Amino acid sequence: MKKISAMVIGCGDRATVYANEGCRNLDMMRIGACVDPDVSKLEFMKAQFGVPAENCFTSVEQALSRGRMCDCIINGTMDKLHVPTTLPFLEQGYDVLLEKPVCNNEKELLELRDAAQRNNCRIFVCHVLRYSPFYRKIKELILSGEIGTVRHIATYEHVGVFLTSVSFVRGKWRSERECGSSLLLAKCSHDMDMICWLNNGTLPDTVFSAGGRDFITPENAPEGAGTRCLVDCPQSVREKCFFDAKPMYLDNCLLPWYPWQCTGKDYREITDAEKEESLKTYNPHGECAYKAGGDIVDHQTVNVRFKNGSYASHTVTLGSFRDGRDIFVAGTLGEIDGRADEGRITVRHYDRSTSWYNGRVIDVNDDAESAGAHYGGDRGLVRDFVNTVAGGELSISATTIDDSVNGQLLVFRADESMKKGVPVKF
Ligand SMILES: NC(=O)c1ccc[n+]([C@@H]2O[C@H](COP(=O)([O-])OP(=O)(O)OC[C@H]3O[C@@H](n4cnc5c(N)ncnc54)[C@H](O)[C@@H]3O)[C@@H](O)[C@H]2O)c1
Numbered sequence: 001m002k003k004i005s006a007m008v009i010g011c012g013d014r015a016t017v018y019a020n021e022g023c024r025n026l027d028m029m030r031i032g033a034c035v036d037p038d039v040s041k042l043e044f045m046k047a048q049f050g051v052p053a054e055n056c057f058t059s060v061e062q063a064l065s066r067g068r069m070c071d072c073i074i075n076g077t078m079d080k081l082h083v084p085t086t087l088p089f090l091e092q093g094y095d096v097l098l099e100k101p102v103c104n105n106e107k108e109l110l111e112l113r114d115a116a117q118r119n120n121c122r123i124f125v126c127h128v129l130r131y132s133p134f135y136r137k138i139k140e141l142i143l144s145g146e147i148g149t150v151r152h153i154a155t156y157e158h159v160g161v162f163l164t165s166v167s168f169v170r171g172k173w174r175s176e177r178e179c180g181s182s183l184l185l186a187k188c189s190h191d192m193d194m195i196c197w198l199n200n201g202t203l204p205d206t207v208f209s210a211g212g213r214d215f216i217t218p219e220n221a222p223e224g225a226g227t228r229c230l231v232d233c234p235q236s237v238r239e240k241c242f243f244d245a246k247p248m249y250l251d252n253c254l255l256p257w258y259p260w261q262c263t264g265k266d267y268r269e270i271t272d273a274e275k276e277e278s279l280k281t282y283n284p285h286g287e288c289a290y291k292a293g294g295d296i297v298d299h300q301t302v303n304v305r306f307k308n309g310s311y312a313s314h315t316v317t318l319g320s321f322r323d324g325r326d327i328f329v330a331g332t333l334g335e336i337d338g339r340a341d342e343g344r345i346t347v348r349h350y351d352r353s354t355s356w357y358n359g360r361v362i363d364v365n366d367d368a369e370s371a372g373a374h375y376g377g378d379r380g381l382v383r384d385f386v387n388t389v390a391g392g393e394l395s396i397s398a399t400t401i402d403d404s405v406n407g408q409l410l411v412f413r414a415d416e417s418m419k420k421g422v423p424v425k426f
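Printed below as a string of structure tokens:
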């Protein structure tokens, strides 16, 4: 198969993950051009992916002025930039791999959908979980009719202590005011999307949601806590605090590309002394987690009624100990139960002979791909996107943009419901 060429817009963490999957792991793509106002990112793209210097741009306008240069776009900019940096490329006829959340508001969401339809372009939103072997198998089981008609989908997202800190308490998604995304939009747009995708024979009808910032608050800081772990927080307090910056960031930093972004240096090059100095002075990851000033909720539940009388519920809690996702699908003839991080799905049916049930376990860990990030979803998404750009059919994971917007609309309605304290019509 001929490799497709992609232009990367926003050459940060996520976009380079997709570029790496497409170019190296799948060997189906080459990066023909890239855009980023940060010239160090452009240098990185030249060195890592062989992007020609004349095709490296510091603004979208420069890239647009050259006309159509590649087969598709990979857009990995931050949330607020997704739509403005995608719309003009749709007018040039590009298919787009677009990071989630699509955008922060309904107006832009529908604008993007309409532009994609008008220009006959495909937009693959990076709801990567849909493309993982685990969730793909669940979709296949539902489509096979084995559990009958879906009655209820229950999902639970446990956001582990490290991820909570690095992204949602001290990190760049800690403030809806600053980043434009609520917790549900930034973290659970995946889950809202999945609920709609698994049940896409119908549409949401009404949503009710409740949640708040109730646990990770200044009032709940350990007694005697300071304002910066390495500066004014006593050792005796830090020893008992889950969020102590030293073990979390200096000793075992699980996602090292996040906490050092504010230093302006590549995380592979920054020294230990520079890391420590930043935590002591300006780095938000050095602040007391309880007092870091974030404004997103730290737990939320969402209940959805669908037009056909089926239901779904989703719960997210920040600061969990196990990081991962659970799902339970109740059908009229059977049920599906699984933990994505364990890669095992149980399918159960009622057993008349024992008045109990029989079940079988499907181990998707057998699928080599499930070892990759997002349970294998990153690679699965890039493969499906490339196949589609190259003229192939949509896989069961992919849907057209008018279907993909439903999960995101559900996020907006759920957040509206939580803020007003009343059910909201879809
Ligand atoms: N699919 C997932 O599961 C998943 C996981 C994490 C993050 N995300 C989403 O991915 C997106 C990117 O997150 P990230 O952590 O990779 O961000 P990042 O900060 O690492 O990358 C963003 C890049 O965009 C560049 N940029 C800024 N302004 C620009 C402009 N006008 N034009 C072009 N480029 C510009 C920045 O210089 C930076 O290199 C976010 O929307 C985030 O919510 C998705």
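For the record, in the sequence shown the residue sitting at position 1 is 1 according to our numbering, with numbers rising by one throughout. Just so you know, even glycine gets a beta-carbon here, dropped at the ideal spot from N, CA and C. Fair warning: this is a prediction, and the values are worked out from it, not measured in the lab.
Member of Val316, Ile345, Cys229, Pro222 whose CA lies at the smallest distance from the CA of Gly334: To locate residue 334, count along the sequence shown from 1; it is residue 334. Among Val316, Ile345, Cys229, Pro222, the Cα nearest to that of Gly334 belongs to Ile345.
Helix, strand or coil at Ser355 according to DSSP, with G and I counted as helix: Translated into the one-based positions of the sequence shown, residue 355 becomes position 355. The answer is coil: DSSP assigns Ser355 none of H, G, I, E or B.
Euclidean distance between Cα positions of Val35 and Ala19: Here residue 35 refers to the residue found at position 35 of the sequence shown. Here residue 19 refers to the residue found at position 19 of the sequence shown. Roughly 13 Å between the two C-alpha positions.
First through last residue of the alpha helix (DSSP H) which encompasses Met45: Along the sequence shown, one-based indexing puts residue 45 at 45. Note, Met45: alpha helix (DSSP H), 39 to 49.
Inter-stretch contact (C-beta, 8 Å, three-pair minimum) for the segment 181 to 198 and the segment 400 to 415: Touching, yes.
Straight-line Cα distance separating Lys425 from Leu318: Locating residue 318 in the sequence shown gives position 318, counting from the first residue. Locating residue 425 in the sequence shown gives position 425, counting from the first residue. Computed Cα separation, rounded: 27 Å.
Own chain partners of Leu163 with C-beta closer than 7 Å, once the 5 adjacent residues on each side are dropped: Along the sequence shown, one-based indexing puts residue 163 at 163. Asp323, listed in sequence order.
Straight-line gap, Ala312 to Gly180 (C-alpha atoms, nearest Å): Here residue 312 refers to the residue found at position 312 when the sequence shown is read from its first residue. Here residue 180 refers to the residue found at position 180 when the sequence shown is read from its first residue. Rounded to the nearest angstrom, the two C-alpha atoms are 26 Å apart.
Segment contact, 8 Å Cβ cut-off, at least three pairs: the segment 70 to 79 with the segment 4 to 21: yes
The segment 263 to 278 / the segment 388 to 396 touching (three or more Cβ pairs under 8 Å): no
Length-filtered (4 minimum) alpha helix (DSSP H) runs lying within the segment 51 to 123: Scanning the segment 51 to 123 from its first residue to its last, the whole alpha helix (DSSP H) runs of 4-plus residues come out as 60 to 65, 87 to 91, 106 to 118.
Given Val161 as reference, the closest of Cys253, Val304, Ser40, Val411 once Cα atoms are compared: Taking the first residue of the sequence shown as position 1, residue 161 is located at position 161. Considering only alpha carbons, the answer is Cys253.
Beta-bridge partners of Leu318, as assigned by DSSP: Position 318 of the sequence shown, counted from the first residue, corresponds to residue 318. Note: Leu318 sits in a beta bridge opposite Val159.
Whole-angstrom distance between Arg24 and Glu416, CA atom to CA atom: Here the question's residue 416 lines up with position 416 in the sequence shown. Here the question's residue 24 lines up with position 24 in the sequence shown. Each residue's alpha carbon lies about 42 Å from the other.
Heavy atom of ligand 1 within 7 Å of Pro37 beta-carbon: By 1-based counting over the sequence shown, the position of residue 37 is 37. Yes; taking the cut-off as 7 Å, the Cβ of Pro37 has a heavy atom of ligand 1 nearer than that.
Cβ distance (whole Å) where Cys262 is taken to contact Asp244 below 8 Å: In the sequence shown, counting from the first residue as 1, residue 262 sits at position 262. In the sequence shown, counting from the first residue as 1, residue 244 sits at position 244. Between Asp244 and Cys262 the Cβ distance is about 19 Å, and since that is not below 8 Å, they are no contact.
Residue of Cys233, His374, Thr202 minimising C-alpha distance to Val150: For this step, residue 150 is matched to residue 150 along the sequence shown. Cα-wise, what sits closest to Val150 is Thr202.
Cβ shell of Val297 (< 6 Å), same chain only, five flanking positions each side left out: Here residue 297 refers to the residue found at position 297 when the sequence shown is read from its first residue. Result list for Val297: Leu183, Gly211, Gly212, Arg213, in chain order.
Thr217, DSSP secondary structure in three states: As a working note, residue 217 is residue 217 in the sequence shown. Looking at Thr217 - three-state DSSP - the assignment turns out to be coil, as it is neither helix nor strand.
Reduced DSSP secondary structure (H/G/I, E/B, other) of Arg174: Within the sequence shown, residue 174 is the residue found at index 174, counting from 1. Coil at Arg174, not helix or strand.
Backbone secondary structure at Gly377 - three-state DSSP: Start at 1 with the first residue of the sequence shown, and residue 377 comes out as number 377. Helix, per DSSP.
Limits of the unbroken beta strand (DSSP E) element including Thr301: One-based indexing of the sequence shown puts residue 301 at position 301. Note, Thr301: beta strand (DSSP E), 299 to 306.
Helix, strand or coil at His127 according to DSSP, with G and I counted as helix: Numbered from its first residue, the sequence shown carries residue 127 at position 127. Residue state, collapsed to three classes: coil.
Cβ-heavy atom distance, Thr85 to ligand 1, below 7 Å: As a working mapping, residue 85 is identified with position 85 in the sequence shown. Checking the Cβ of Thr85 against ligand 1 gives yes.
Own chain partners of Asp232 with C-beta closer than 8 Å, once the 5 adjacent residues on each side are dropped: If you number the sequence shown from 1, residue 232 lands on position 232. Cβ neighbours of Asp232 beyond the five flanking positions: Gly226.
Cys126: CB within 7 Å of a non-hydrogen atom of ligand 1: What you label residue 126 is simply residue 126 of the sequence shown in a count that begins at 1. Correct: Cys126 has its Cβ closer than 7 Å to ligand 1.
Any non-hydrogen atom of ligand 1 closer than 7 Å to Ile9 Cβ: Residue numbering aside, residue 9 sits at position 9 when the sequence shown is read from its first letter. Ile9 Cβ: within cutoff of ligand 1.
Where the beta strand (DSSP E) containing Ser209 begins and where it ends: Here residue 209 refers to the residue found at position 209 when the sequence shown is read from its first residue. 204 to 212 is the span of the beta strand (DSSP E), which, as asked, contains Ser209.
Residues sharing a beta bridge with Ser313, DSSP: Counting from one through the sequence shown, the residue named residue 313 turns up at place 313. DSSP output for Ser313 lists Ala154, Asn303 as bridge partner(s).
Alpha carbon of Gly148 to alpha carbon of Gly331, nearest angstrom: Locating residue 148 in the sequence shown gives position 148, counting from the first residue. Locating residue 331 in the sequence shown gives position 331, counting from the first residue. About 5 Å.
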